[in-house]
Each structure stands twice: as structure tokens, then as C-alpha cells.
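Heads up: the sequence lines are chains A and B, in that order.
Take 63 as the starting number for the first sequence in this note's numbering and just add one per residue.
Take 287 as the starting number for the second sequence in this note's numbering and just add one per residue.
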Amino acid sequence: MRITNSAIEPDKLRQLLTGDAAGAYVAFEGWIRNANEGQDVLRLEYEVYEPLAVKEGAKIIAEASVKYPILQAECVHREGLLEIGECAVWVGVTSVHRDEAFAACRFIIDEVKVRLPVWKKEYYVNGDSGWVNCERCAAHSSRKATSLRA
Amino acid sequence: MNKNITVRYFAGFREHAGVGEETVSLPAATAGDVYELLKDRHGSQEPLGHCKVAINDEMADWSAEVFDGDTVLLFPPVAGG
């Protein structure tokens, strides 16, 4: 798990995962899109609390390795100001067969979105800006809090 | 009894508080108490369960006990990816 303030280059990152035992490689790239919830987005700013983002990301990858028989997994998340079309997050997974690589990649990106201490501020075409409140993440935290109380 | 707690605010919480970090004296037993007692500072209307907390750089539950000298990190709802 790595946090970077320079451009994510998936072609370079996939080279971290090569190995003769791998029969499948699955990657996910999250990109900055030009609209969110009806608003035209100009750019995005990611704030990351790196010490815990790295720790929590490593934990997620370790969980994926226990849950699925994969060979390797890596994840890189951007911080700072990003323009439309830039890659915000990359996940790459290798395994012997494709099923576990697809499943583990999905698991990692889903957990990264709801568990990493990362926040994004959208800057809109109309000059406004605002922190994105991830509703699904909030629901995830509520469920966890409820189950902890139970 | 009050405890000296160093509180760190992130993203929208920091913008509302106007500072990234401050040390406060609070009658707090748990991390959840810190969040509730500092509502005017972070300005969040979010239920506790929507936010996250860390104590001394370890993710924690809101029910975790806080001690004099702890650093409590208050995280607004996250939105990575």
C-alpha cells in the first residue's frame, strides 16, 4: 500500500506483480470524472492521513490474501490536486486462475473506499467546492458501529 | 476529572475548527465523549457512527477509553477512491 502525490502509472505498477506462477492479472483504476450528483466537476483534491492510510491499506491487502488464494496484491492511492481523467487509485492482483484475482481486486477497492482515512474535495465549474460525504461509507460505518454495540 | 487531550481535525472538521490540532482539557471518558464535547469545534452534525476515530495513531472504537496525554484523531466520513 502506497500513497503518492505524483501521477499513478499503471503500466509501471503492474511490473511489481510479475511472477512465473501467475496465470491471471486483474487491475482496477479509479479515475476522476467530470460530474458528481448533478454538478459539473472541474478538479478534485484528496486529503490523506498517510500513516494510517498505509497501515489500514496493508491490513486490507493482508485480509484479501487470507480470504482469496492470490499470489500478490498492491494498491496505490493519490493525494493532492487531481484533474479530470487522472487516476486516483490503482489496485493490482495476480493469482493462478482469474476468479480469485477478480474477487480479491473487488474486495480490496471496496474496502479501501470505506476504510482508508482519505477525503475528497470537489471543485465545481460554478466556482463552489465541497467535501464529498460518501453515503455508502457512512452506512458501512453505521453497520459496524451497530454490530460493535450489539 | 478533566484530561488533557490533543485533538487532531481532518478535512471538513479542520476547516470548521480553523486549526489542525489543539490541546484541550475535557471531562471525557471515551473517544465518543471527545467527539460529543467538541461538537462546536468540528461542527459536525453527523451521527458518531458515520465518522471514525484513532487514538495515538491506531484506529479505535468510539467506546475506547481515553487517557490524559492521548492524541485523538477525529475523522469525518471517508471518501477514498
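Here a beta-carbon is modelled for each residue, glycine too, at the ideal position from N, C-alpha and C.
Give every residue of the same chain whose Cβ lies closer than 8 Å to the Cβ of residue i, excluding the five residues on either side of it in the sequence, and list them in chain order.
i: residue 146 of chain A; result: 94, 95, 96, 103, 104, 105
i: residue 341 of chain B; result: 317, 350, 352, 356, 357, 358, 359
i: residue 66 of chain A; result: 138, 139, 140, 141
i: residue 266 of chain B; result: In the structure displayed, chain B extends from 287 to 367; residue 266 of chain B sits before or after that span and is not available.
i: residue 85 of chain A; result: 157, 158, 159, 160
i: residue 83 of chain A; result: 133, 158
i: residue 212 of chain A; result: Residue placement at residue 212 of chain A is poorly supported in this model, since its pLDDT is 36, which falls under 50; the coordinates still yield a value, given next. Around residue 212 of chain A: no qualifying Cβ.
i: residue 210 of chain A; result: Confidence at residue 210 of chain A is low in this model, with a pLDDT of 44, below 50, so the placement of that residue should be treated as unreliable; the coordinate-derived value is given next. Nothing listed; no residue qualifies.
Since residue i is in the alpha helix (DSSP H), which residue starts that stretch and which ends it?
i: residue 119 of chain A; result: 112–129
i: residue 320 of chain B; result: 317–323
i: residue 301 of chain B; result: 297–303
i: residue 75 of chain A; result: 72–75
Taking the alpha carbon of residue i as the point to measure from, which residue in the options has its own alpha carbon closest?
i: residue 290 of chain B; options: B:304, B:296, B:309, B:302; result: B:309
i: residue 177 of chain A; options: A:188, A:139, A:73; result: A:139
i: residue 173 of chain A; options: A:78, A:75, A:115, A:67; result: A:115
i: residue 320 of chain B; options: B:297, B:366, B:361, B:304; result: B:361
i: residue 112 of chain A; options: A:187, A:63, A:189; result: A:63
i: residue 292 of chain B; options: B:334, B:301, B:311; result: B:311
i: residue 337 of chain B; options: A:179, A:186, A:185, A:189; result: A:179
i: residue 90 of chain A; options: A:84, A:71, A:99, A:82; result: A:71
i: residue 307 of chain B; options: B:347, B:328, B:367; result: B:328
i: residue 170 of chain A; options: A:187, A:144, A:126; result: A:126
i: residue 187 of chain A; options: A:195, A:101, A:136; result: A:101
i: residue 366 of chain B; options: A:109, A:136, A:76; result: A:109
i: residue 136 of chain A; options: A:143, A:121, A:192; result: A:121
i: residue 74 of chain A; options: A:99, A:98, A:184, A:153; result: A:153
i: residue 195 of chain A; options: A:119, A:98, A:148; result: A:98
Among the residues of its own chain, which have a CB less than 6 Å from the CB of residue i, if the five just before and after it don't count?
i: residue 214 of chain A; result: As shown, chain A starts at 63 and ends at 212. That puts residue 214 of chain A outside it, with no answer to give.
i: residue 92 of chain A; result: 150, 151
i: residue 132 of chain A; result: 155, 157, 162, 166
i: residue 343 of chain B; result: none
i: residue 130 of chain A; result: 162, 165, 166
i: residue 78 of chain A; result: 136
i: residue 185 of chain A; result: 104, 105, 191
In terms of residue numbering, what span does the beta strand (DSSP E) encompassing residue i cover?
i: residue 360 of chain B; result: 357–361
i: residue 312 of chain B; result: 307–312
i: residue 63 of chain A; result: That residue, residue 63 of chain A, is in no beta strand (DSSP E); it is neither H nor E in DSSP.
i: residue 93 of chain A; result: 86–93
i: residue 344 of chain B; result: 344–346
i: residue 365 of chain B; result: Element bounds for residue 365 of chain B: n/a, residue is neither H nor E.
i: residue 83 of chain A; result: Where residue 83 of chain A is concerned, there is no enclosing beta strand (DSSP E), given that its DSSP letter is neither H nor E.
i: residue 340 of chain B; result: 338–341
Suppose the cutoff is 7 Å on Cβ atoms and the five residues either side in sequence are ignored; what does the same chain contact list for residue i look like?
i: residue 363 of chain B; result: 332, 336, 337
i: residue 297 of chain B; result: 362
Starting from residue i, find everything on chain C with Cβ-Cβ shorter than 8 Å and list it in chain order.
i: residue 85 of chain A; result: Considering every chain present, this structure includes no chain C. Its protein chains are A and B.
Along the chain, which unbroken stretches of the beta strand (DSSP E) at least 3 residues long are found entirely within the region 127–204 of chain A?
-> 132–140, 142–145, 149–157, 180–186, 191–193
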